[in-house]
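The structure appears below as structure tokens.
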Amino acid sequence: MLLVLFGARQWHRQPKDPSQAQLPKWMAAIDRLTPVKVFGLGLALTALNAKNAPLTIAAAASIGSAGLLVGQEIASLAIFVLIASLGLLAPLGVSMLGGERAKTTLGNWKDWAAQHNVAVMAVLLFVIGLKPLGDGIGILTS
Numbered sequence: 788m789l790l791v792l793f794g795a796r797q798w799h800r801q802p803k804d805p806s807q808a809q810l811p812k813w814m815a816a817i818d819r820l821t822p823v824k825v826f827g828l829g830l831a832l833t834a835l836n837a838k839n840a841p842l843t844i845a846a847a848a849s850i851g852s853a854g855l856l857v858g859q860e861i862a863s864l865a866i867f868v869l870i871a872s873l874g875l876l877a878p879l880g881v882s883m884l885g886g887e888r889a890k891t892t893l894g895n896w897k898d899w900a901a902q903h904n905v906a907v908m909a910v911l912l913f914v915i916g917l918k919p920l921g922d923g924i925g926i927l928t929s
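Here it is as structure tokens:
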């Protein structure tokens, strides 16, 4: 429930004028970091990000309680990690395979992220907060 409230608070913090939107300081600094520092930042953001914990715990609980064979559990975990990593793998793939067009594409993505960062975070927090609430209601009504 707390995540739902945080999501609502984030939504109301959106700038009225999209041109006033700014990237978070850590995201704006990425262009100036070395590849090793970007890798370290990615690890830190993944490990320390509180939004990842509920999703990872829910995935682990679902996989663990599904009654799968060990090989199926490993495959399910690999698929979860792959899907969870797409937000990092897509820009990396564009950068590595896109040539000169990659700079334009990634620049457009960065501009979009700056304009919509607050809204994306609000919706993400709201959805993550509603999932356990819906699960609880489902358990109580069954």
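Going left to right, the sequence shown walks through residues 788 to 929 as this note's numbering numbers them.
We treat Cβ as the ideally placed atom computed from N, Cα and C, and that holds for glycine.
Practice task
State the DSSP-derived secondary structure class of Thr892, mapped to helix, strand or coil.
Solution key: It is helical.
Practice task
Report buried or exposed for Gly916, applying the criterion of at least 16 other Cβ atoms within 10 angstroms of its Cβ.
Solution key: Classified as buried, Gly916 has 16 or more neighbouring CB atoms from the shown chains inside 10 Å of its CB.
Problem - Exposure label - Ala909; buried when at least 16 CB within 10 Å - result: By the Cβ neighbour-count rule, Ala909 is buried, with 16 or more other Cβ atoms within 10 Å of its own.
Practice task
Starting from Met883, trace the alpha helix (DSSP H) both ways and give me its first and last residue.
Solution key: Element bounds for Met883: Leu873 to Leu884.
Handout entry: Cβ neighbour criterion (16 or more within 10 Å) applied to Met794
Key = In the sequence as presented, Met is not what sits at residue 794; that position holds Gly. Counting every other CB atom within 10 Å of its CB across the protein chains shown gives Gly794 a total of 16 or more, marking it as buried.
Exercise for the section: Look at the alpha carbon of Val857 and the alpha carbon of Val868, and state the distance between them as a whole number of angstroms. Expected result: Approximately 16 Å between the Cα atoms of the pair.
Practice task
Out of Gly829, Leu911, Ser806 and Ala837, state which residue places its alpha-carbon closest to the alpha-carbon of Ser872.
Solution key: For Ser872, the nearest C-alpha among the options comes from Gly829.
Practice task
Kindly indicate the opening and closing residues of the alpha helix (DSSP H) around Leu856.
Solution key: For Leu856, there is no enclosing alpha helix (DSSP H), since its DSSP letter is neither H nor E.
Handout entry: Spatial distance of Ala816 from Thr928 (CA atoms)
Key = Here the alpha carbons of Thr928 and Ala816 stand approximately 48 Å from one another.
Practice task
Measure from the alpha carbon of Lys918 to the alpha carbon of each residue in Ile844, Leu875, Leu820 and Ala900, then state which is nearest.
Solution key: With distances taken between Cα atoms, Lys918 lies closest to Ile844.
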